[in-house]
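What follows is a set of notes on a single structure, which appears directly below.
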Amino acid sequence: MGGQPHHLHNNILPENSTIQKRIEKTMEQINLMKIQKKNGAIELRTNFGRKITAQVCMPMTEPIGPAKYYQHSSRPATYPFPDCDKQYPSQMLSYKIYNLPFFLELCEKKYSKIEWKKRTKSAINGHWTNKLRLECEEKSTLQNLTISNLSIGVTHPVWATVSSSVSDIRKAITKSRMLTGTYLLQAHRHRFNQAEVTRFVNCRLRTKTYVHVITTCPLYMNIRIALYTPIKNFIVSIISESTWATHFSNREAICTLIVDCQSSQI
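Anchor point for the sequence shown: position 170 equals 169 in numbering that gives the first Met the number 0, and the numbering is continuous, going up by one each time.
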């Protein structure tokens, strides 16, 4: 019984037994899986590092190509790097649309969180403001709206100056509907229901339009006298009588001024 220990059942050395061989084979498979997993993680990190290095070292003035070159320890190397426009289409589109700084500029000038938020908000609002103004110029119903003063993110004076009273809110709703051309008058109803509705107002003088109701309709003469004169006197004190006569000599301009106080003529 001396020497190396033997298995009790098969009288075989432990290193030569079937059980020991199965254990060793299992351990080899486990070690192989660990090595493969480790190599996979290293490969992922290496690919990520290559992409970041190629993007950082890439000159912004050169077109993005299929291969990028960078120098490390005075040894040039080439790594395949996909097109940024194809790899990150939504991000690149946002940079181009809103004219935001790209990666290299962000590395050179480190924006604080507040500065970056302010810049992105200004760029986004500016882009959509220009788009809104271009579309508004094509709408005939917005003729009483001062389009040049429209801005995304800025509340219109109709709502910025209104109080919390119910009557003022109702007036603001009516005025905003006139600004957007959605307040229906007799002329609009006549256009959609020609056989049932007349296009004339109760005064029977002219077609009921915004200009007629605000500037000439005799039914609203008392309201016009009470409100129009103070408005004119206040504006004349700012722009002078001659400027008033030059820019507000017609009723359409006066109507636009009353509906939208941001008139560009002031």
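Glycine is no exception: its CB is placed at the ideal position from the N, C-alpha and C atoms.
Being a predicted model, the structure only gives us computed values, none of them experimental.
Contact check between the region 122-137 and the region 244-258: fewer than three CB pairs, one atom from each, fall below 8 Å, which does not count as touching.
Segment contact: the region 116-133 against the region 145-152, three or more CB-CB distances shorter than 8 Å; contact assigned.
DSSP places residue 108 outside both helix and strand once states are collapsed to three, so it counts as coil. Residues 161 of the same chain have their beta carbon placed closer than 7 Å to that of residue 167, with the five preceding and five following residues left out of the count. Between residue 178 and residue 133, the C-beta spacing is not below 7 Å. A Cβ-Cβ separation of about 11 Å leaves residue 243 out of contact with residue 230 under the 8 Å criterion. Counting every other CB atom within 10 Å of its CB across the protein chains shown gives residue 222 a total below 16, marking it as exposed.
Per DSSP, the unbroken alpha helix (DSSP H) holding residue 238 starts and ends at 220-238. Straight across, the Cα-Cα distance linking residue 261 with residue 169 is about 20 Å.
Here residue 160 carries a coil assignment [DSSP, helix/strand/coil]. In this structure, the alpha-carbon of residue 173 lies about 30 Å from that of residue 240.
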